[in-house]
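Asks: Under the numbering used here, residue 261 is the last one in the sequence shown; the count climbs by one each step, no gaps. A virtual CB, placed ideally from N, CA and C, is assigned to each residue, including glycine.
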Amino acid sequence: MTLDKVVGSAADAVADIPSGATLAVGGFGLNGIPSVLIGALLAGGASDLRVVSNNCGVDDWGLGLLLTARRISRTTSSYVGENKEFERQYLHGELEVELIPQGTLAERLRAGGSGIPAFFTPAGVGTQVAEGGMPWRYAADGSIAVPSPAKETRVFDGREYVLERGIVTDFALVRASVGDRQGNLVFDKATRNFNPLAAMAGRVTIAEVERLVEPGEIDPAQVHLPGVFVQRVVALTPEQAADKRIERRTVSDGAL
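1) Are the beta-carbon atoms belonging to N36 and D64 less than 8 Å from one another?
2) Would you mind giving the Cβ-Cβ distance between V214 and A181, rounded to the nearest angstrom? I have them listed as a contact below 8 Å.
3) Applying the 10 Å Cβ sphere with the 16-neighbour rule, what's the burial state of P39?
4) What separation, rounded to the nearest whole angstrom, lies between the Cα atoms of A51 and G67?
5) Measuring straight from C-alpha to C-alpha, what distance separates R216 and A246?
6) Indicate whether A150 and G137 have their beta-carbon atoms separated by less than 8 Å.
7) Rank D193, V235 and V218 by C-alpha distance to the C-alpha of A212 and give the top, closest one.
8) Here's a check: name, in chain order, each residue in its chain whose Cβ is nearer than 6 Å to the Cβ of A16, leaving out the five neighbours to either side.
9) For R140, count neighbouring C-beta atoms within 10 Å of its own C-beta (all shown protein chains included) and say buried if the count is 16 or more, exposed if not.
10) For L110, which residues from the same chain have a beta carbon less than 6 Å from its beta carbon, with the 5 sequence-adjacent residues on both sides left out?
11) Buried or exposed: K194, going by 16 or more other Cβ atoms within 10 Å of its Cβ?
12) So, does the segment 196-213 touch the segment 24-32, judging by three or more C-beta pairs under 8 Å?
13) Whole alpha helix (DSSP H) runs in the segment 98-137 with 4 or more residues, listed along the chain?
14) Give the DSSP bridge partners of S82, in chain order.
15) Between T27, L241 and E101, which lies nearest to A204 when the distance is taken from Cα to Cα?
16) Pull up the CB-CB distance for L47 and L72, whole angstroms please, since I reckon it's below 8 Å.
17) With T210 and V167 assumed to form a contact (beta carbons below 8 Å), what rounded beta-carbon distance in angstroms separates them?
18) Starting from E92 and walking both ways along the alpha helix (DSSP H), at which residues does that stretch end?
19) Note the first and the last residue of the continuous beta strand (DSSP E) segment covering V218.
20) Going straight from the alpha carbon of A177 to that of R208, what length do you get?
21) Go ahead and pull the three-state DSSP assignment for T27.
22) With three or more beta-carbon pairs closer than 8 Å as the criterion, would you say the segment 225-241 touches the segment 181-190?
23) Do you know whose CA, among N60, L202 and P23, lies nearest G49's CA?
24) Taking just the CA atoms, how far does R79 sit from V56?
25) What residue from V179, E101 and F161 has the CA that sits closest to A18's CA?
26) According to the Cβ coordinates, are I121 and G171 closer than 8 Å?
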């Protein structure tokens, strides 16, 4: 008997995500984001969410929808420059933000998913990343209400490194191009960015897949994320799978 992880709907898949939960969310910009699961979470009403994601969508799509609805209280991210509401909430003390180097974020997710509690990296040495004092949350008057703490540093072979903690979250939401009923996933091109890492970090990982196949249809050598990291699979409709947005469209003069 095979283990079938397919859930009937996105709403059912996220129904037990409570207010106050921590979430790792895959994607990069608007590329490869689990938009259907995010929409179901928005409809479900959970609030005070603590989100770990490379960025926070845009004002009207992706995690930006949860942000606009005031459902997110904290983010751990590396790039947040495409969302005006994010900027407003952060600068007015309504949102706590931990900004970390992008490679460090990726490794913190991978480490957490691999059972590694912490690691040393040279990224951030000599900056507020290591020394502390970055504004995690502002006060209403513009002062720093919650500064980032200083981190342990250590010298190895004459070079200084900073200690970073692995990230483990209550849930993870990801999107894959192909998935089977056992949760084995394949990501298309650039969607294989933060999705596998976010999936590894979640205690309960939910994957929306654009095409659902039967166990054995995916060549084991082509599996990007083994099903051991995935607890629930949601098969998208063709319309849901095709509903993708471009964060910033850029064309040359000759293409106009």
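Replies: According to the structure shown:
1) no
2) 5 Å
3) buried
4) 16 Å
5) 8 Å
6) no
7) V235
8) A45
9) This sequence places Pro at residue 140; Arg is not what is there. That one is buried.
10) S83
11) exposed
12) yes
13) 107-118 and 133-136
14) L104
15) T27
16) The Cβ separation is near 10 Å, so there is no contact.
17) No, T210 and V167 are not in contact; Cβ-Cβ is about 28 Å, not under 8 Å.
18) K89 to L96
19) G207 to V218
20) 7 Å
21) strand
22) yes
23) P23
24) 6 Å
25) V179
26) yes
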